[in-house]
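Asks: Going from the sequence shown to my numbering is simple: count from 1 and add 941.
Here you go, one structure.
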Amino acid sequence: MQETHVLVKPDGVRRGLTSAVVDGLRADGLLAVPVGWVWLTDEAARLWYPEKLEEPDGPLTLRYLCEGPMAVLDVRGDDAIVRAHRTKRRLRRALGSDERHNVVHCPETDAERDHERTVFAGLLRRRVPCRPVGPFRPASLL
(Lines of atoms letter the chains of each structure in order from A and count residues from 1; the text may use other names and numbers.)
(Lines give C-alpha, C1' and ligand atoms only; values in the text may rest on other atoms or scores of the structure.)
Protein backbone atom coordinates (compact mmCIF):
# COMPACT_ATOMS: atom_id res chain seq x y z
CA MET A 1 0.00 0.00 0.00
CA GLN A 2 1.36 3.38 -1.02
CA GLU A 3 0.62 6.65 0.74
CA THR A 4 0.54 10.17 -0.59
CA HIS A 5 -1.40 13.38 -0.04
CA VAL A 6 -3.88 15.46 -1.98
CA LEU A 7 -4.47 19.17 -1.52
CA VAL A 8 -7.78 20.92 -2.03
CA LYS A 9 -6.59 24.29 -3.33
CA PRO A 10 -7.89 27.66 -2.10
CA ASP A 11 -10.62 27.85 -4.76
CA GLY A 12 -11.86 24.36 -3.85
CA VAL A 13 -11.91 25.15 -0.14
CA ARG A 14 -13.67 28.47 -0.77
CA ARG A 15 -16.29 26.72 -2.93
CA GLY A 16 -16.86 23.99 -0.32
CA LEU A 17 -15.53 21.17 -2.53
CA THR A 18 -13.37 19.30 0.01
CA SER A 19 -16.03 16.61 0.49
CA ALA A 20 -16.41 16.23 -3.29
CA VAL A 21 -12.66 15.63 -3.59
CA VAL A 22 -12.69 13.10 -0.73
CA ASP A 23 -15.69 11.35 -2.30
CA GLY A 24 -13.98 11.29 -5.71
CA LEU A 25 -10.85 9.67 -4.27
CA ARG A 26 -12.89 7.12 -2.34
CA ALA A 27 -15.02 6.34 -5.42
CA ASP A 28 -11.77 5.47 -7.20
CA GLY A 29 -10.93 2.97 -4.45
CA LEU A 30 -8.50 5.08 -2.42
CA LEU A 31 -8.60 5.64 1.32
CA ALA A 32 -8.81 9.40 1.87
CA VAL A 33 -8.95 11.19 5.22
CA PRO A 34 -8.76 14.96 5.83
CA VAL A 35 -5.93 15.57 8.32
CA GLY A 36 -5.67 19.34 8.43
CA TRP A 37 -4.91 22.39 6.38
CA VAL A 38 -2.06 24.61 5.24
CA TRP A 39 -2.06 28.29 4.41
CA LEU A 40 1.02 28.98 2.34
CA THR A 41 3.32 31.91 2.91
CA ASP A 42 5.00 33.58 -0.09
CA GLU A 43 8.25 31.90 0.90
CA ALA A 44 6.66 28.43 1.12
CA ALA A 45 4.97 28.89 -2.26
CA ARG A 46 8.32 29.77 -3.85
CA LEU A 47 9.96 26.74 -2.19
CA TRP A 48 7.14 24.51 -3.40
CA TYR A 49 7.14 25.78 -7.02
CA PRO A 50 10.47 27.51 -7.72
CA GLU A 51 9.98 26.98 -11.47
CA LYS A 52 6.95 29.30 -11.37
CA LEU A 53 9.28 32.25 -10.77
CA GLU A 54 10.54 31.86 -14.36
CA GLU A 55 7.09 31.60 -16.01
CA PRO A 56 5.29 34.69 -17.36
CA ASP A 57 2.21 34.15 -15.19
CA GLY A 58 4.07 32.32 -12.42
CA PRO A 59 3.76 35.12 -9.84
CA LEU A 60 -0.04 35.07 -10.31
CA THR A 61 -0.10 31.33 -9.64
CA LEU A 62 2.07 31.68 -6.54
CA ARG A 63 -0.14 34.49 -5.23
CA TYR A 64 -3.25 32.36 -5.85
CA LEU A 65 -1.76 29.48 -3.83
CA CYS A 66 -1.32 31.84 -0.87
CA GLU A 67 -4.77 33.45 -0.95
CA GLY A 68 -6.49 30.96 1.33
CA PRO A 69 -6.19 27.68 3.17
CA MET A 70 -5.74 24.34 1.43
CA ALA A 71 -7.18 21.16 2.92
CA VAL A 72 -4.67 18.32 3.30
CA LEU A 73 -5.90 14.79 2.67
CA ASP A 74 -4.00 11.65 3.62
CA VAL A 75 -4.47 9.20 0.73
CA ARG A 76 -3.57 5.52 0.64
CA GLY A 77 -4.02 2.55 -1.63
CA ASP A 78 -2.29 0.38 -4.17
CA ASP A 79 -0.48 2.71 -6.61
CA ALA A 80 -1.93 5.68 -4.70
CA ILE A 81 0.18 8.31 -6.48
CA VAL A 82 -0.83 7.19 -9.98
CA ARG A 83 -4.46 6.64 -9.02
CA ALA A 84 -4.76 9.97 -7.17
CA HIS A 85 -3.31 11.72 -10.23
CA ARG A 86 -5.95 10.09 -12.43
CA THR A 87 -8.65 11.21 -9.99
CA LYS A 88 -7.17 14.73 -9.94
CA ARG A 89 -7.47 15.02 -13.72
CA ARG A 90 -11.10 13.87 -13.61
CA LEU A 91 -12.00 16.25 -10.76
CA ARG A 92 -10.29 19.19 -12.45
CA ARG A 93 -12.35 18.62 -15.60
CA ALA A 94 -15.56 18.36 -13.57
CA LEU A 95 -14.98 21.06 -10.93
CA GLY A 96 -12.24 23.43 -12.09
CA SER A 97 -13.14 26.88 -13.36
CA ASP A 98 -9.94 27.63 -15.31
CA GLU A 99 -6.32 26.52 -15.68
CA ARG A 100 -5.23 28.09 -12.39
CA HIS A 101 -8.41 27.65 -10.33
CA ASN A 102 -8.54 23.89 -10.71
CA VAL A 103 -9.56 22.76 -7.20
CA VAL A 104 -7.10 19.95 -6.50
CA HIS A 105 -3.39 19.10 -6.48
CA CYS A 106 -1.46 15.92 -5.87
CA PRO A 107 2.18 14.97 -6.35
CA GLU A 108 2.98 12.87 -9.40
CA THR A 109 6.10 11.10 -8.09
CA ASP A 110 7.57 9.89 -4.81
CA ALA A 111 10.21 12.64 -5.05
CA GLU A 112 7.58 15.35 -5.57
CA ARG A 113 5.55 13.97 -2.64
CA ASP A 114 8.60 14.03 -0.39
CA HIS A 115 9.56 17.57 -1.49
CA GLU A 116 6.04 18.84 -0.75
CA ARG A 117 6.00 17.20 2.66
CA THR A 118 9.22 19.01 3.51
CA VAL A 119 7.78 22.36 2.38
CA PHE A 120 4.44 21.90 4.15
CA ALA A 121 5.69 20.28 7.38
CA GLY A 122 5.91 23.46 9.43
CA LEU A 123 2.68 24.87 8.03
CA LEU A 124 0.33 21.93 8.64
CA ARG A 125 -2.43 22.72 11.11
CA ARG A 126 -4.02 19.51 12.24
CA ARG A 127 -7.60 18.97 13.05
CA VAL A 128 -8.97 15.78 14.47
CA PRO A 129 -10.74 13.96 11.62
CA CYS A 130 -13.74 11.73 12.21
CA ARG A 131 -12.64 8.34 13.34
CA PRO A 132 -12.44 6.18 10.20
CA VAL A 133 -14.16 2.82 10.11
CA GLY A 134 -11.81 -0.15 10.03
CA PRO A 135 -8.07 -0.41 10.50
CA PHE A 136 -7.11 2.71 8.52
CA ARG A 137 -5.69 5.56 10.59
CA PRO A 138 -4.16 8.78 9.25
CA ALA A 139 -0.38 8.51 9.16
CA SER A 140 1.96 11.21 10.21
CA LEU A 141 1.42 12.91 6.87
CA LEU A 142 3.97 15.65 7.17
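In this text, a Cβ means the ideal position worked out from N, Cα and C, and glycines have one as well.
Everything numeric in this text was worked out from a predicted model, so none of it was measured.
Could you tell me which of S960, A968, R1017, D1039 sits nearest to M1011, measuring between CA atoms?
Replies: Among S960, A968, R1017, D1039, the Cα nearest to that of M1011 belongs to S960.
Asks: Count the other CB atoms, across all protein chains shown, that sit within 10 Å of the CB of L971; report buried if there are 16 or more and exposed otherwise.
Replies: With 16 or more other Cβ atoms within 10 Å, it is buried.
Asks: Report the rounded CA-to-CA distance for L948 versus E995, giving the unit in angstroms.
Replies: Between L948 and E995, the C-alpha separation is close to 23 Å.
Asks: Exposed or buried, P997, counting other C-beta atoms within 10 Å across all chains shown (16 or more means buried)?
Replies: P997 comes out exposed.
Asks: Roughly how far, in whole angstroms, is the beta-carbon of A1021 from the beta-carbon of Q943, given that I think they are within contact range, below 8 Å?
Replies: Indeed, because the Cβ distance is near 4 Å, the residues count as touching under 8 Å.
Asks: Could you say which of E1057, V1023, C1047, N1043 lies nearest to P951 if we only look at CA atoms?
Replies: Of the listed residues, the one whose Cα sits closest to P951 is N1043.
Asks: Mind checking whether G1037 and R955 have CB atoms under 7 Å apart?
Replies: For G1037 and R955, no; Cβs fall outside 7 Å.
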